[in-house]
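Numbering of the sequence shown is given in this note's numbering, commencing with residue 6 and proceeding in unit increments.
In this text, a Cβ means the ideal position worked out from N, Cα and C, and glycines have one as well.
Predicted model only: the values in this text are computed from it and were never measured.
Report on the structure given below.
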Amino acid sequence: MLRLSDELYFLIKQGVIAFLMMVMTLKTFIYQTKTEIMILSDFFQNCLLLIDKEGVKNYTKNVIDYIF
């Protein structure tokens with residue numbers, strides 16, 4: 006069996022920890038992005054509903070009211 010020095014073992018361990026943290030950060034980022042996309046799609050669906058109900062004339066006012 007290969008005998009590793011303490012420094013090499015420490016570096017490998019740090020590399021594995023850094024890799025796992027990178028993967029977890031990427032998963033969190035992807036989840037947040039998916040959530041933001043879902044929120045945006047809900048927002049645009051509501052805008053389309055406002056257009057259908059009120060007509061294009063009141064569209065801008067309704068979007069501004071919806072945002073603020």
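So what does DSSP say about S10, is it helix, strand or coil? Locating residue 10 in the sequence shown gives position 5, counting from the first residue. In this structure, S10 counts as coil in the three-state DSSP scheme.
Have a look at C52 and T40 and give me their C-alpha separation to the nearest angstrom. By 1-based counting over the sequence shown, the position of residue 52 is 47. By 1-based counting over the sequence shown, the position of residue 40 is 35. So the two alpha carbons sit approximately 18 Å from each other.
Own chain residues within Cβ distance below 7 Å of V21, not counting five before or after: The residue given as residue 21 occupies position 16 in the sequence shown. Hits under 7 Å: none found.
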